[in-house]
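First the structure, in the form of structure tokens, and then the observations on it.
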Amino acid sequence: MARLNMVQALNSAMDVMLERDQSVIVFGQDIGYFGGVFRCTDGLQRKYGAHRVVDAPIAEGGIVGTSIGMAVNGLRPVAEIQFADYIYPGFDQIVSELAKLRYRTAGDFFAPVTIRTPCGGGIRGGQTHSQSPEGLFTHVNGIKVIMPSNPYDAKGLLINAIEDDDPVIFFEPKRIYNGPFSGYPDAPAQAWNTHPKSEVPEGYYTLPFGRAEIVRPGADVTLLCYGTMVHVAESAATLAEVDAEIIDLRSLVPLDTDTIIESVKKTGRCVITHEATKFGGFGAELAAIVQEQCFYHLEAPVLRVAGWDTPYPHAFEWDYFPGPKRVAAALQEVLEGP
Amino acid sequence: MDLTNATMLRMFEQMTRIREFDERAALLMEQARVHGSVHLYCGEEAIAVGVCEALNQDDYITSTHRGHGHLIAKGGDVERMYAELFAKATGYNGGKGGSMHMAALDLGIIGANGIVAAGLPIGLGVAFASQYQENDRVTVCFFGDGATNEGAFHEAMNMASILKAPMVFVCENNGYGEWSKTESQTSVTDIADRAASYSMPGTIVDGMDIAAVHEAAIEAIARARSGGGPSLLECKTYRFYDHVGRDFGVLQRDPQEIARWRARDPIKLWREELIAQGVFDGKTADEITAAIAASMESAIARAEQAPDPTPEALYTDVYSETQV
Ligand SMILES: Cc1ncc(C[n+]2csc(CCOP(=O)(O)OP(=O)(O)O)c2C)c(N)n1
Ligand SMILES: [Mg+2]
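Just so you know, the protein sequences line up as chains A and B, in that order.
So that you can map any letter, position 15 of the first sequence is 270 in the numbering used here, and since no number is skipped, the others follow by simple counting.
So that you can map any letter, position 197 of the second sequence is 230 in the numbering used here, and since no number is skipped, the others follow by simple counting.
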């Protein structure tokens, strides 16, 4: 066991897989010689060589498309798109090719591509460095969508993604790369090393997709979240003094509906929170599932606390961000009424 | 080429303005007084100024993540620019855009852009509209060497050539895209070579020599304006600082490489040239620089004190009418 932050845990996952499996290739802008803007691939090119940890030009469509070809021909590329905000030039290759290849060839071809990409706000990044576009990808059938909230999960899930025979978009909430985030921007920065989930095995292990984790059991209301919002949710439950059951989804596609349904049937109430904008977001899917499966157990409307339906703003970052106060208000509302 | 003293002086002032602006923007970022990070234009001033001095007020530019210099060269007001960095209501975008998205339609500044190469097809569309409206305006797209590896660059170049769009593609080849050397990312040594694939002229110019940039820009712009179609101007240059801010703290470039380029600081070269030509003496040059520096300080002070946008402004401008 070692104490790792999320960057180190992700680095370790790639290190382990490069070592174990000759077909693994790491590929992206400034990931090799430089080691990645967020340092996630630091040292890997030195260790495994430039033929396995490959620097790419600024060409996201090319990076994704090339990864598909590599994967079809027996490799397991782990592509990095430096910010999720830069993924759109590659969106066509993801949606039209990567997601559909298996289906259109009736299973003859498949493309085990992992696309790692940092997402989310809270870093004063403005509209092209803060987005949470997971909902754009959960809507596309044929790709899996993962977002870890801590170092232990990050490593286990990334190894699982690399070994998975399906394409995976692996979102890394950059606000929590170096420490968990309470949701209070003026509070002193926290480090991972006192968090239990910073204990990470040094070698190989995997965490399966499709399993949510109950990070805080509770009786009164189910709080569904993922990524950075898991930590904000904990602050919110404390602030609201509500016995919330906080569920970290971890894997959006495939989704652990059983854990969600069981929890909501128990608590009778549900609040959903994500950083992404609300309208048509992943929270809408969650709310629909809860409504379909738990309707007769519900004692209050299902509420969503999300980013406002605007581009990610330059000013007003903390008005936009669904912080503890807004989540706490929703927790209180489902318990006490508006 | 014969430039009037007034033009030469204005070029010196504009380059100095950009330098003084960005040196201070860097400090403000380090002190976390502005929101977000800034990509500094220091070292590349001769390109923005040399090109924009050849444009008319009502011509257009598109810019990049490293856009402060382009904005100032096209007439941007530094106080409103600082205010945008501070996310103030008085900023160019009312605090909604920030460093990488500043735009000012009345100055023909279609906008900086946080997405590499995004400005190229947009610039082409702007040029197409000018052609359609028969209004004689020219569009200049500024972009880096790294941007020429994006599909958007190639799509825009090809279409611009077919449409004979009244525009100039100005590549600022500073030898790097983020931390990667250009030669490790790009299949050509000279970006200008890429013009041949799109049947347009590609010219290489010393991007540290403002007179050379200016002369080449005048020719390319005249060609665009007279219906001769687009061309590509590659300016060889160097950024004095790191990709983002002054020092990202991870990878240092070869100090000798930096020193070599620093010795060809475009502002220093131009200052020497103007002294040699008797446009001013060293003392006057120092006074001009000091006055510009002082004006930056007061612009920062005023911008930082300016009002924040009201919370309601968060929801406006998403659609033509505010949705509730
Ligand atoms: C589509 C997209 N991909 C990646 C990035 C990240 N990025 C920002 S600037 C930059 C380098 C650009 O290099 P170049 O075009 O040479 O401009 P320079 O920074 O050297 O002026 C990169 C990769 C981005 N902003 N947008
Ligand atoms: Mg460059």
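Beta carbons are placed, not taken as given, at the ideal position from N, Cα and C, and that holds for glycine.
Please read all numbers here as calculations on a predicted model, not as lab measurements.
Is any non-hydrogen atom of ligand 1 found closer than 7 Å to the C-beta of residue i, if you look at the structure I gave you?
{"i": "residue 126(B)", "result": "no"}
{"i": "residue 178(B)", "result": "yes"}
{"i": "residue 210(B)", "result": "yes"}
{"i": "residue 341(A)", "result": "yes"}
{"i": "residue 286(A)", "result": "no"}
{"i": "residue 313(A)", "result": "yes"}
{"i": "residue 72(B)", "result": "yes"}
{"i": "residue 97(B)", "result": "yes"}
{"i": "residue 587(A)", "result": "no"}
{"i": "residue 348(A)", "result": "no"}
{"i": "residue 337(A)", "result": "yes"}
Who are the near neighbours of residue i in its chain, counting only those whose CB is closer than 6 Å to its CB and skipping five residues on each side?
{"i": "residue 140(B)", "result": "107 and 108"}
{"i": "residue 205(B)", "result": "77, 80, 177, 268 and 270"}
{"i": "residue 330(A)", "result": "278 and 280"}
{"i": "residue 71(B)", "result": "58, 62 and 132"}
{"i": "residue 351(B)", "result": "none"}
{"i": "residue 509(A)", "result": "464 and 465"}
{"i": "residue 235(B)", "result": "225, 228 and 265"}
Need the endpoints of the alpha helix (DSSP H) that residue i sits in, please.
{"i": "residue 537(A)", "result": "537 to 549"}
{"i": "residue 393(A)", "result": "389 to 393"}
{"i": "residue 335(A)", "result": "Run containing residue 335(A): none in the alpha helix (DSSP H); it sits in the beta strand (DSSP E), 331 to 335."}
{"i": "residue 356(A)", "result": "356 to 359"}
{"i": "residue 574(A)", "result": "572 to 575"}
{"i": "residue 49(B)", "result": "38 to 63"}
Go through its chain and collect everything with a Cβ distance to residue i's Cβ below 8 Å, but skip five positions before and after it.
{"i": "residue 537(A)", "result": "389, 390, 393, 507, 529 and 531"}
Please determine whether the Cβ atom of residue i lies at a distance below 7 Å from any heavy atom of ligand 2.
{"i": "residue 207(B)", "result": "yes"}
{"i": "residue 35(B)", "result": "no"}
{"i": "residue 76(B)", "result": "no"}
{"i": "residue 100(B)", "result": "no"}
{"i": "residue 152(B)", "result": "no"}
{"i": "residue 278(B)", "result": "no"}
{"i": "residue 345(A)", "result": "no"}
Mapping the DSSP letters down to three states, classify residue i as helix, strand or coil.
{"i": "residue 463(A)", "result": "coil"}
{"i": "residue 552(A)", "result": "helix"}
{"i": "residue 499(A)", "result": "strand"}
{"i": "residue 283(A)", "result": "strand"}
{"i": "residue 399(A)", "result": "strand"}
{"i": "residue 177(B)", "result": "strand"}
{"i": "residue 103(B)", "result": "helix"}
{"i": "residue 518(A)", "result": "helix"}
{"i": "residue 448(A)", "result": "helix"}
{"i": "residue 209(B)", "result": "strand"}
{"i": "residue 427(A)", "result": "strand"}
{"i": "residue 330(B)", "result": "helix"}
{"i": "residue 214(B)", "result": "strand"}
{"i": "residue 257(A)", "result": "strand"}
{"i": "residue 78(B)", "result": "helix"}
{"i": "residue 73(B)", "result": "coil"}
To which residues of the same chain is residue i closer than 7 Å at the C-beta, ignoring the five residues directly before and after it?
{"i": "residue 78(B)", "result": "48, 51, 52, 102, 299 and 300"}
{"i": "residue 564(A)", "result": "532, 533 and 534"}
{"i": "residue 345(A)", "result": "315, 316, 318, 319 and 336"}
{"i": "residue 456(A)", "result": "256"}
Could you pull the start and end residues of the beta strand (DSSP E) that residue i belongs to?
{"i": "residue 373(A)", "result": "369 to 374"}
{"i": "residue 296(A)", "result": "From DSSP, residue 296(A) is part of no beta strand (DSSP E); its letter is neither H nor E."}
{"i": "residue 93(B)", "result": "93 to 95"}
{"i": "residue 508(A)", "result": "506 to 508"}
{"i": "residue 468(A)", "result": "468 to 471"}
{"i": "residue 269(B)", "result": "264 to 269"}
{"i": "residue 353(A)", "result": "First-last for residue 353(A): undefined, no H or E at that position."}
Report yes if the C-beta of residue i is less than 7 Å from at least one heavy atom of ligand 3; otherwise report no.
{"i": "residue 147(B)", "result": "Annotation note on ligand 3: not contained in the displayed structure, which lists ligand 1 and ligand 2 as its ligands."}
Could you tell me whether the region 415 to 428 of chain A touches the region 438 to 450 of chain A, where touching means 3 or more Cβ pairs closer than 8 Å?
no
Do the region 114 to 133 of chain B and the region 78 to 91 of chain B touch if we need at least three Cβ pairs shorter than 8 Å?
no
Would you call the region 55 to 62 of chain B in contact with the region 220 to 232 of chain B, where contact means no fewer than 3 C-beta pairs closer than 8 Å?
no
Count the CB pairs spanning the region 426 to 442 of chain A and the region 454 to 468 of chain A that are closer than 8 Å, and state whether there are at least three.
no
Pairing CB atoms from the region 121 to 132 of chain B with CB atoms from the region 333 to 353 of chain B, are three or more of them under 8 Å?
yes
When you compare the region 465 to 476 of chain A with the region 419 to 428 of chain A, are there three or more beta-carbon pairs, one atom per stretch, that lie closer than 8 Å?
no
Would you call the region 230 to 248 of chain B in contact with the region 272 to 283 of chain B, where contact means no fewer than 3 C-beta pairs closer than 8 Å?
no
Given 8 Å, three or more beta-carbon pairs between the region 497 to 514 of chain A and the region 480 to 489 of chain A
yes
How do the region 307 to 314 of chain B and the region 92 to 102 of chain B stand: do at least 3 beta-carbon pairs fall below 8 Å, yes or no?
no
Quick check: the region 311 to 318 of chain A against the region 171 to 187 of chain B, are at least 3 beta-carbon pairs closer than 8 Å?
yes
Contact between the region 284 to 291 of chain B and the region 254 to 261 of chain B (3+ Cβ pairs under 8 Å):
no
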